[in-house]
Structure formats: structure tokens, C-alpha cells
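For reference, the structure discussed in these notes is given below.
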Amino acid sequence: MHIRAIICCIVSLVVAAQSIATARSIADLKKSYANKQYFELRDQLKEGGDDKSVDLLFYRGVVNNKFNRPNLSITYFREYLKQARERSDPEMLIQCYEMLADDYRKTYQYRRAAETYTALLTKFAHKLDASKKSDLENAVKLWRALSNVPRQTIVMEGDSVIKKDQEGHFPLEINHRKVSFIFDTGANLSVVTSSLAKRLALNIIDASINVLAVAGNTVKARLAVARSMRIGKADIHNAVFLVFDDKDLYISESSFQINGLIGFPIIEALREVAFVHDREIHISATAANGGEQNMCFDGLSPLIAGWFKDKRLIFALDTGATRSTLFPPFYEQYEDMIKTGYQKYSERVRGVGGYKEIRAYLAKNVVMTFSGKDAHFAQIPILIEHTTDKSHYFYGNLGQDLIKQFERMTLNFETMNVVFE
23 MHIRAIICCI VSLVVAAQSI ATARSIADLK KSYANKQYFE LRDQLKEGGD
73 DKSVDLLFYR GVVNNKFNRP NLSITYFREY LKQARERSDP EMLIQCYEML
123 ADDYRKTYQY RRAAETYTAL LTKFAHKLDA SKKSDLENAV KLWRALSNVP
173 RQTIVMEGDS VIKKDQEGHF PLEINHRKVS FIFDTGANLS VVTSSLAKRL
223 ALNIIDASIN VLAVAGNTVK ARLAVARSMR IGKADIHNAV FLVFDDKDLY
273 ISESSFQING LIGFPIIEAL REVAFVHDRE IHISATAANG GEQNMCFDGL
323 SPLIAGWFKD KRLIFALDTG ATRSTLFPPF YEQYEDMIKT GYQKYSERVR
373 GVGGYKEIRA YLAKNVVMTF SGKDAHFAQI PILIEHTTDK SHYFYGNLGQ
423 DLIKQFERMT LNFETMNVVF E
């Protein structure tokens with residue numbers, strides 16, 4: 023064979039091999055993304071080199087969205103939309119618009135979030151089912167109502183230590199009035215009762231928002247903005263709250279009224295927060311560098327990586343939950359072990375607006391590992407029915423019974439890591 027022909031043949035084989043490898047890597051990325059396995063997606067992208075394909079723009083946007091780099095994520099997604107206008111895969115475009123809107127709301131660009139959701143509804147109405155359309159219309163209504171609200175800002179004057187009061191809440195000030203709220207990483211927005219919102223002179227926005235409750239029903243809420251807040255030595259301006267009727271935040275079984283919750287957008291803005299001895303919150307004016315990147319986001323919900331039987335599992339982290347719960351994916355992964363080792367029963371799951379009875383197993387003496395530390399659960403429910411959207415993808419919801427096992431849990435939103443000590 024002629025030398026030139028041999029060289030051409032070799033080049034063709036190399037190009038073909040690269041094409042096969044790229045197709046395989048894209049398929050792996052697609053699978054990890056579809057299953058919300060964001061840590062695997064991150065690791066796969068690191069191994070992918072500098073491939074500049076259009077699909078990789080999308081997945082790089084995803085990883086930056088999930089690991090709290092929204093401005094970089096916006097850059098990738100906008101470039102993806104520019105290059106992928108004629109693509110035949112509308113589902114990726116739909117999800118791109120959704121995450122781009124999420125990036126805008128995380129950077130307090132409420133008008134752009136509303137515009138992006140509106141564009142999604144306009145361009146892909148024929149591809150959306152009735153439930154999805156309703157959710158997106160509700161999102162448009164929410165963020166459009168906030169279009170004229172200035173971006174949330176924060177000024178840190180130094181490190182802070184905040185101690186729980188006798189009711190187990192943390193004191194703070196809103197519009198120069200003293201109140202005590204729960205810190206709840208599971209709350210996508212901060213929450214306040216209607217009566218307290220009036221007493222605090224919050225700026226109420228005349229818009230009715232539908233909030234899906236754990237029982238499957240829809241609860242009505244309004245929006246409000248706190249002109250000023252002070253948490254320790256942190257001054258926060260223009261924080262957004264969901265306002266519920268008092269009765270929707272009343273827990274009848276324990277005759278307990280929740281008056282307010284500090285949710286994700288405020289907690290994340292503090293950059294580094296430590297929950298200490300189950301009695302204090304420490305806020306660092308300067309977030310530490312380094313550490314294992316074992317935390318990410320799904321929308322406005324923090325997720326952390328843990329280990330069980332040598333497998334990495336992803337859990338939602340909810341500081342407002344009294345105890346942890348395992349979800350159907352955990353049951354499906356370890357079904358034989360659960361059926362033969364644990365007792366079946368009915369678990370009452372509570373949220374805003376009511377509760378629901380769910381079929382479950384009660385697991386005992388379960389040990390899982392987080393940030394290199396073993397956590398022991400004497401009892402933990404394993405749900406075998408889905409409750410919320412996250413119960414379809416993640417292995418459980420981690421609450422105070424995890425946090426209380428350690429002297430200190432530190433959430434660092436700069437490096438995206440959680441440390442138990």
C-alpha cells in the first residue's frame with residue numbers, strides 16, 4: 023500500500039475512534055444528568071478534556087449551575103442557545119431555559135428569570151404537558167411580581183455567633199424589629215406568616231402564588247420583601263419572603279405555630295455557616311478555602327454526597343427537618359436487604375398545609391458516611407412511595423438527627439463543601 027494511503031487510513035481510524043469516544047462520553051453525560059447524578063456528571067466532564075461540541079456547552083452549564091457558579095453557568099447556557107437554535111432535541115433546550123432562569127433567580131435578576139420562563143412557555147408550549155405549563159406559569163407569575171424588586175445585597179461587618187432562644191429559634195432583626203426564626207436549608211424561599219409580615223411592616227406584593235404542599239394539595243401564598251434584615255453582624259437588604267396564612271404554618275399535632283423560616287437565598291448569601299452544638303450558628307465574614315467539594319444544588323435545594331456500602335449516594339440536606347428520611351431510590355437500590363431485615367409500616371409525612379400517610383419500612387441501626395465521618399441512625403424511615411419531586415431522584419432527606427450527632431456542621435457555599443466535626 024502506498025505510504026500516503028496508509029497515513030490517510032490511520033488518520034481516518036483516529037478520527038473515527040475519537041467520534042465513537044465522544045458519542046460514548048456524551049451518552050454517559052446524558053445518563054448522569056437525567057438521573058440527577060451531578061457529582062458523576064462533574065467527574066465525567068473533568069475527564070472529557072477540551073471538547074468544544076455544542077452538547078458539552080450544555081453540560082458545562084449544568085455543572086456550573088449545580089455547583090454554585092451561576093454567572094459562569096449563564097455564559098455557557100447563552101452560548102449553547104446561540105449555537106443550538108436548530109437542534110432537533112427540544113428537551114435539552116427546554117431544560118436549558120429552565121436552568122438559565124434558575125441562574126438568574128440565584129443572582130437576584132428576577133426580571134430576567136421571568137423573561138426566560140416566558141420565552142420557554144412561548145417557544146415550547148406544544149411540547150409541555152398541562153402540569154408543566156401550570157408550574158411554569160406559576161414561576162412566571164412569581165418572578166414577574168418581583169421584577170421591580172432590587173437585588174438582594176449583604177454586607178458582613180465581621181464574624182457572628184447567634185444562639186438559640188428558649189423556643190429553639192434564632193434571634194434576628196427585620197426592619198429594626200426583633201424576631202426569632204428557624205434556619206431551614208430545605209426552604210427554597212424564606213417564609214413568614216401573614217400576621218407577622220404585617221407587624222414587621224414588610225412590603226407585601228399583591229400576587230397570589232401556588233405552592234405545592236407535601237400532601238399533594240396546593241397552598242396559596244403571597245410575596246413580601248424585607249427592606250432590611252440583620253443576622254448577627256450581617257446586614258441583608260431586599261430579602262424575599264413567601265407569606266402564608268397563619269393556619270398553613272400551624273402544626274396541630276404539637277399545637278405549634280411556625281412564625282417564620284430563613285430559607286436558602288439568605289443562608290447561601292452568608293457564604294459560610296456553621297451549626298454548632300445544636301445551639302448556635304457561627305457565620306464567618308470570610309469563607310475558608312479548600313476542602314472536598316461534596317455539596318451541590320438542585321434548583322434552590324442543597325444536596326450532599328454520602329456513602330453507604332461503598333456506594334456514593336446523593337441526599338437532600340434540610341436543616342428544618344427534625345429527622346432524616348430515606349426515599350424510594352434507596353429502597354430500590356437495597357430492596358432485598360430492606361424487605362428481609364426491616365418492618366413495614368405507615369409513615370406520616372408533614373409539610374406546609376397538612377400531612378400524608380406513606381407506606382414505608384422502619385430501618386434500624388443504619389450507618390452512613392459523610393465527609394469522612396460515620397453517622398449512626400438508630401431508626402430511619404425508608405419511604406416506598408414518592409412524595410416530592412426530589413424523592414424520585416435522591417436517596418433521602420437529611421435532617422437534625424444527622425446534624426446533632428456532631429459538634430459542628432459547616433456549610434461553605436464558596437467551595438461547595440459540608441464538613442462534620
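Just so we're aligned, residue 23 is where the sequence shown starts under our numbering, counting upward by one.
Beta carbons are placed, not taken as given, at the ideal position from N, Cα and C, and that holds for glycine.
Buried or exposed (CB count within 10 angstroms, at least 16 for buried), residue i
i	result
R293	buried
G394	exposed
K104	exposed
P112	exposed
A56	exposed
V213	buried
R199	exposed
A229	exposed
A45	Per-residue confidence for A45 stands at a pLDDT of 48, beneath the threshold of 50, marking its modelled position as unreliable; no derived number is given.
R82	buried
R127	buried
E189	exposed
K331	exposed
T344	exposed
K333	exposed
G418	buried
K149	exposed
K412	buried
K58	buried
N281	buried
Supposed close pair residue i, residue j - CB separation, criterion 8 Å
i	j	result
F205	I303	6 Å
T129	P172	The pair is not a contact, with the Cβ atoms about 13 Å apart (cut-off 8 Å).
A248	L224	6 Å
Y364	A385	5 Å
L63	F99	The pair is not a contact, with the Cβ atoms about 15 Å apart (cut-off 8 Å).
A147	R166	Not quite, the Cβ-Cβ distance comes to about 17 Å (not below 8 Å), so this is no contact.
T207	F266	Not confirmed; about 19 Å, so no contact.
Straight-line gap, residue i to residue j (C-alpha atoms, nearest Å)
i	j	result
Q174	N260	5 Å
V177	D358	52 Å
K145	K186	49 Å
A307	A152	46 Å
G285	P403	25 Å
V389	A400	9 Å
I231	N160	7 Å
T409	A243	21 Å
I273	A141	39 Å
R301	S75	50 Å
L433	V183	15 Å
K53	E407	23 Å
P324	L264	19 Å
I360	T341	26 Å
T362	V440	34 Å
L335	W329	6 Å
A382	Q355	15 Å
V191	R107	According to the sequence as given, residue 191 is His; it is not Val. Each residue's alpha carbon lies about 50 Å from the other.
A43	M114	Summary for A43: the model assigns pLDDT 40, below 50, so the residue's position carries little reliability; its value from the coordinates is reported in the next sentence. Taking the straight line from one Cα to the other gives about 21 Å.
S156	S202	35 Å
H299	N170	41 Å
V162	R134	10 Å
Same chain only: Cβ atoms within 6 Å of residue i, ignoring 5 sequence neighbours per side
i	result
L420	F337, L339 and S346
Q279	Y272
E195	R252
L158	Y139 and L143
A291	I176
F61	A327
P351	Y417
Q422	T344
8 Å Cβ cutoff, residue i in contact with chain C
i	result
F278	This model lacks chain C altogether; it includes just one protein chain.
Beta-carbon spacing of residue i, residue j below 8 Å
i	j	result
D65	S95	no
L168	L245	yes
G254	I305	yes
I226	A219	yes
I425	F297	yes
V241	D268	no
L283	F349	no
C118	Y102	yes
F416	M431	no
Close Cβ partners of residue i (< 7 Å) along its chain, the five nearest in sequence each way excluded
i	result
E379	S368 and R370
N90	F319, F435 and M438
N87	S95, M121, D124 and D125
Residue i Cβ short of 7 Å to the ligand NAD heavy atom set
i	result
P112	Ligands are entirely absent from the displayed structure, and the ligand NAD is therefore not among its contents.
Neighbourhood of residue i by C-beta distance below 8 Å, restricted to the same chain and skipping five residues each side
i	result
G321	D124 and N210
L67	L51, L78, Y81, R82 and V85
E429	V298, H299 and E443
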